[in-house]
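Chemist: Protein chains in written order, with this note's numbering: chain A, 4 to 228; chain B, 4 to 228. For each residue, glycine too, the CB sits at the ideal point set by N, CA and C. Computed from a predicted structure; not experimentally measured.
2 protein chains.
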Amino acid sequence: MAHYTDPAGVNDATLHYLDVIYRLTQQGEMANTTDIAEKLGVTPSGASVMLKRLAERKLIQLVPYKGATLTPQGRRLALRTIRRHRLVELFLHRVMGFAWHEVDDHAHALETALTDALEDRMDEMLGHPTRCPHGHLIPRKDGSLPEANDVPLLSLPIGSAGVIRCVDTDNSDWLKYLGEQGLYPGVSIVLKDIAPYDGPVTIQTPEGLVAIGQNLAKLIYVEVS
Amino acid sequence: MAHYTDPAGVNDATLHYLDVIYRLTQQGEMANTTDIAEKLGVTPSGASVMLKRLAERKLIQLVPYKGATLTPQGRRLALRTIRRHRLVELFLHRVMGFAWHEVDDHAHALETALTDALEDRMDEMLGHPTRCPHGHLIPRKDGSLPEANDVPLLSLPIGSAGVIRCVDTDNSDWLKYLGEQGLYPGVSIVLKDIAPYDGPVTIQTPEGLVAIGQNLAKLIYVEVS
DNA sequence: ATCTTGATTTAAGCGCGCTCAAATTGTATG
DNA sequence: CATACAATTTGAGCGCGCTTAAATCAAGAT
Numbered sequence: 004m005a006h007y008t009d010p011a012g013v014n015d016a017t018l019h020y021l022d023v024i025y026r027l028t029q030q031g032e033m034a035n036t037t038d039i040a041e042k043l044g045v046t047p048s049g050a051s052v053m054l055k056r057l058a059e060r061k062l063i064q065l066v067p068y069k070g071a072t073l074t075p076q077g078r079r080l081a082l083r084t085i086r087r088h089r090l091v092e093l094f095l096h097r098v099m100g101f102a103w104h105e106v107d108d109h110a111h112a113l114e115t116a117l118t119d120a121l122e123d124r125m126d127e128m129l130g131h132p133t134r135c136p137h138g139h140l141i142p143r144k145d146g147s148l149p150e151a152n153d154v155p156l157l158s159l160p161i162g163s164a165g166v167i168r169c170v171d172t173d174n175s176d177w178l179k180y181l182g183e184q185g186l187y188p189g190v191s192i193v194l195k196d197i198a199p200y201d202g203p204v205t206i207q208t209p210e211g212l213v214a215i216g217q218n219l220a221k222l223i224y225v226e227v228s
Numbered sequence: 004m005a006h007y008t009d010p011a012g013v014n015d016a017t018l019h020y021l022d023v024i025y026r027l028t029q030q031g032e033m034a035n036t037t038d039i040a041e042k043l044g045v046t047p048s049g050a051s052v053m054l055k056r057l058a059e060r061k062l063i064q065l066v067p068y069k070g071a072t073l074t075p076q077g078r079r080l081a082l083r084t085i086r087r088h089r090l091v092e093l094f095l096h097r098v099m100g101f102a103w104h105e106v107d108d109h110a111h112a113l114e115t116a117l118t119d120a121l122e123d124r125m126d127e128m129l130g131h132p133t134r135c136p137h138g139h140l141i142p143r144k145d146g147s148l149p150e151a152n153d154v155p156l157l158s159l160p161i162g163s164a165g166v167i168r169c170v171d172t173d174n175s176d177w178l179k180y181l182g183e184q185g186l187y188p189g190v191s192i193v194l195k196d197i198a199p200y201d202g203p204v205t206i207q208t209p210e211g212l213v214a215i216g217q218n219l220a221k222l223i224y225v226e227v228s
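Set out below in structure tokens:
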């Protein structure tokens, strides 16, 4: 696509780098070269060169041998890409009937090809949604994020009741499995038990009791009711 | 099988070249370098180099200083791109509410980003359509084209009645204007008059009489009733 | 304070698609 | 037939994003 939608030197590769750096810096730390490279399926040396270019374009702030963070400009582009990705995911799910574990791949292919008008039209059709099918927040056009009171399920005391708001993974298999267990955003649950020594987590859903591993339970975020 | 049709080297640029060459060779002639370059917004020298590469990849047959035609492989890819383009156009029009003169640009941005599953889902949602909003035929998955009895409006004798089947242009302004005059696929019309010396063409539509220039009338294809 | 180790950057090079400028080819014309 | 002209191709070079291999740096262990 590159030179067709590329008036300002902002092409697919650039957007994917910014997207990855945004996600890696969510926890407050800098994104290091190796992690970026791995997420993009590229060698660290390749990523290193690209990062230098992104820094020259003032899209990231790069501290050699330390890591990278986004500049305001870079963050704006990253948020636009993430907004589009999540809007497309929701569109694929609600309008086109794809399962929630299928949408990530297709959305990835489309996110950088969207025009402004397409983004806006999807947003309207979906009623200006705030979350993607997995519950991730959809950034607004101005780059701000909707309010959320999401808490990690495993941080709650046994017996807590709440509603699942987010399942934080892009692993298709895990999503499919959790969906089949009735664990997805919007579902009311009660945390029944967390077995010691990394044992199973037992959850009450409208359809009955479910036990899953802690690695999966860790992905679930709820709003306490 | 998948080995011979390996899409590894098939990127956006390649698909756009094949698409253009397909359209330029519709009239039976070879596509010459300058025309291809112009349609793609590229210099003839750039196109010449690219054509040589396409020939090496066996996607086109190139006769130096003469022109290019598609090989069966190249035609297959071109038809897939065209199918996707037209499916997307119809999807944008029918599902997302875009006007028929708006869809070409957005479809161009999306056509090479579509996944197979997306193509198939759109096809289903639209009921396996045979034409895009402008009336162009949508190639089937196997590369065959639906039947059509389209005849140039201007080839008909005065007084002929028929149904508009295709308006053959991607010029957004012309499409918008013709749409406003009630001239678009599916509309029943009668050819009332063709004034001499390149004069206006008068057409009876369900909404009344319309007179347009021959340059526009030339774009209209009908099925005689 | 040096050494070792792993992360990171540099160096050299490749394929792609493009540019401009120069050389070449095909063809229409006198 | 020679020639002029337009179309086409070639050549040189560029920016991008990538690779592998080699050099360099940071930081903890000794």
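Whose Cβ in chain B lies nearer than 8 Å to the Cβ of Leu54(A)?
Modeler: Start at 1 with the first residue of the first sequence, and residue 54(A) comes out as number 51. The contacting residues do not exist; Leu54(A) stays about 24 Å from chain B at best.
Chemist: Would you check if the stretch 92-112 of chain A and the stretch 98-118 of chain B touch, i.e. whether three or more CB-CB distances between them fall below 8 Å?
Modeler: Yes: the two stretches touch, three or more of their Cβ pairs being nearer than 8 Å.
Chemist: Using the Cα positions of Leu62(B) and Thr37(B), report the straight-line distance between them to the nearest angstrom.
Modeler: Here residue 62(B) refers to the residue found at position 59 of the second sequence. Here residue 37(B) refers to the residue found at position 34 of the second sequence. Going by the C-alpha atoms only, they are around 19 Å apart.
Chemist: Let's see if you can read the secondary structure: which residues bound the beta strand (DSSP E) around Asp196(B)?
Modeler: Against the second sequence, residue 196(B) aligns to sequence position 193. Ser191 to Ile197 is the span of the beta strand (DSSP E), which, as asked, contains Asp196(B).
Chemist: Exposed or buried, Ala102(A), counting other C-beta atoms within 10 Å across all chains shown (16 or more means buried)?
Modeler: Position 99 of the first sequence, counting from 1, holds the residue named residue 102(A). Exposed, since its Cβ has fewer than 16 Cβ neighbours within 10 Å.
Chemist: CB-CB under 7 Å to Pro136(B), same chain, minus the five flanking residues each way: which ones, in chain order?
Modeler: To locate residue 136(B), count along the second sequence from 1; it is residue 133. For Pro136(B), where only same-chain residues beyond five positions count, the Cβ hits under 7 Å are Glu92, Leu93, His96, Trp103 and Val106.
Chemist: Going along chain A, which residues have a C-beta under 9 Å from Thr1(B)?
Modeler: Given that chain B is displayed from residue 4 to residue 228, the structure contains no residue 1(B) and the question cannot be resolved.
Chemist: Is DSSP giving Thr208(A) helix, strand or coil here?
Modeler: Within the first sequence, numbered from 1, the residue matching residue 208(A) stands at position 205. In the structure shown, Thr208(A) sits in a strand (DSSP, three-state: E or B).
Chemist: Is the beta carbon of Asp153(A) closer than 8 Å to that of Tyr224(A)?
Modeler: Here residue 224(A) is taken as the residue at index 221 of the first sequence, counted from 1. Here residue 153(A) is taken as the residue at index 150 of the first sequence, counted from 1. Yes, these two residues count as a Cβ contact at 8 Å.
Chemist: Suppose contacts are defined by Cβ-Cβ distances below 8 Å. Is Ala40(A) in contact with Ile24(A) by that definition?
Modeler: As a working mapping, residue 40(A) is identified with position 37 in the first sequence. As a working mapping, residue 24(A) is identified with position 21 in the first sequence. No; because the gap between Cβ atoms is not below 8 Å, this pair is not in contact.
Chemist: Note down, in chain order, every chain B residue with its Cβ under 7 Å from the Cβ of Met33(A).
Modeler: On the first sequence, residue 33(A) is found 30 positions in, with the first residue counted as 1. Ordered by position in chain B, no residue passes the 7 Å Cβ test against Met33(A), which lies about 31 Å from the chain.
Chemist: Should Ser228(A) and Gly138(A) be called a contact, given that it needs their Cβ atoms to be closer than 8 Å?
Modeler: As a working mapping, residue 228(A) is identified with position 225 in the first sequence. As a working mapping, residue 138(A) is identified with position 135 in the first sequence. No, the Cβ-Cβ distance between Ser228(A) and Gly138(A) is not below 8 Å.
Chemist: Please determine, among Met125(B), Thr84(B) and Leu178(B), the residue with the shortest C-alpha to C-alpha distance to Arg26(B).
Modeler: Within the second sequence, the letter at position 23 stands for residue 26(B). Comparing Cα positions, the closest option is Thr84(B).
Chemist: Taking the continuous alpha helix (DSSP H) assigned at Ala164(B), which residues delimit it?
Modeler: Here residue 164(B) refers to the residue found at position 161 when the second sequence is read from its first residue. Looking at the DSSP string, Ala164(B) is not in any alpha helix (DSSP H); the run it does join, the beta strand (DSSP E), is Ala164 to Val170.
Chemist: Determine which residues share a DSSP beta bridge with Leu73(B) and list them.
Modeler: In the second sequence, residue 73(B) corresponds to position 70, counting from 1. Answer is Ile63(B).
Chemist: Measure the C-alpha to C-alpha separation of Leu57(B) and Leu73(A) and round it to an integer number of angstroms.
Modeler: Position 54 of the second sequence, counting from 1, holds the residue named residue 57(B). Position 70 of the first sequence, counting from 1, holds the residue named residue 73(A). Cα to Cα, Leu57(B) sits roughly 39 Å from Leu73(A).
Chemist: Considering only C-alpha positions, which residue in the set Leu222(A), Glu32(A) and Ser48(A) is nearest to Tyr187(A)?
Modeler: Within the first sequence, numbered from 1, the residue matching residue 187(A) stands at position 184. Taking only the C-alpha atoms, the option nearest Tyr187(A) is Leu222(A).
Chemist: Beta strand (DSSP E) containing Val23(B): first to last residue?
Modeler: On the second sequence, position 20 is the one that residue 23(B) refers to. Looking at the DSSP string, Val23(B) is not in any beta strand (DSSP E); the run it does join, the alpha helix (DSSP H), is Asp15 to Leu27.
Chemist: For Val170(B) versus Met128(B), is the C-beta distance shorter than 8 Å?
Modeler: Here the question's residue 170(B) lines up with position 167 in the second sequence. Here the question's residue 128(B) lines up with position 125 in the second sequence. No, they are not a contact pair.
Chemist: In three-state DSSP terms, what is Tyr224(A)?
Modeler: Taking the first sequence and counting its residues from 1, the one referred to as residue 224(A) is at position 221. Three-state DSSP puts Tyr224(A) in a strand.
Chemist: For Lys195(A), which of Gly44(A), Leu212(A), Leu181(A) and Arg60(A) has the nearest alpha-carbon?
Modeler: As a position in the first sequence, residue 195(A) is number 192, starting the count at 1. With distances taken between Cα atoms, Lys195(A) lies closest to Leu212(A).
Chemist: Can you give the beta carbon distance from Leu90(A) to Ala71(A), rounded, assuming they're within the 8 Å contact cut?
Modeler: Counting from one through the first sequence, the residue named residue 90(A) turns up at place 87. Counting from one through the first sequence, the residue named residue 71(A) turns up at place 68. The pair is not a contact, with the Cβ atoms about 26 Å apart (cut-off 8 Å).
Chemist: At a CB-CB cut-off below 7 Å, which residues of chain A make contact with Leu1(B)?
Modeler: No information on residue 1(B) is available, as it lies outside the stretch 4 to 228 that chain B covers here.
Chemist: What does Arg124(B) reach in chain A if we use C-beta pairs closer than 8 Å?
Modeler: Along the second sequence, read from residue 1 onward, the residue named residue 124(B) stands at position 121. Within chain A, the residues near Arg124(B) are Met99, Gly100 and Phe101.
Chemist: List, from N- to C-terminal side, the alpha helix (DSSP H) runs of 4 residues or more that fit wholly inside the stretch 72-108 of chain B.
Modeler: With a minimum length of 4 residues, the continuous alpha helix (DSSP H) runs that stay inside the stretch 72-108 of chain B are 75-97.
Chemist: Looking at Gln207(B) and Ile197(B), is the spacing between their C-beta atoms short of 8 Å?
Modeler: Locating residue 197(B) in the second sequence gives position 194, where the first residue counts as 1. Locating residue 207(B) in the second sequence gives position 204, where the first residue counts as 1. No; because the gap between Cβ atoms is not below 8 Å, this pair is not in contact.
Chemist: In three-state DSSP terms, what is Leu129(A)?
Modeler: Taking the first sequence and counting its residues from 1, one reaches residue 129(A) at position 126. Coil.
Chemist: Please report the residue range of the alpha helix (DSSP H) in which Thr37(B) lies.
Modeler: To locate residue 37(B), count along the second sequence from 1; it is residue 34. Residues Thr36 to Leu43.
Chemist: May I ask you to report which of helix, strand or coil DSSP gives Pro155(B)?
Modeler: In the second sequence, counting from the first residue as 1, residue 155(B) sits at position 152. DSSP places Pro155(B) in strand when its eight states are reduced to three.
Chemist: Kindly indicate which residue of Gln64(A), Lys69(A) and Leu140(A) has the alpha-carbon position closest to the one of Pro75(A).
Modeler: Position 72 of the first sequence holds residue 75(A). The residue with the shortest Cα to Cα distance from Pro75(A) is Gln64(A).
Chemist: The alpha helix (DSSP H) that contains Lys179(A), what's its start and end?
Modeler: Looking up residue 179(A) in the first sequence gives position 176. From DSSP, the alpha helix (DSSP H) with Lys179(A) extends over Ser175 to Glu183.
Chemist: Restricting to Cα atoms, I'd like to know which of Tyr68(B), Gln30(B), His19(B) and Glu59(B) is closest to Gly44(B).
Modeler: The residue labelled residue 44(B) in the question sits at position 41 within the second sequence. Gly44(B) has its Cα closest to that of His19(B), out of Tyr68(B), Gln30(B), His19(B) and Glu59(B).
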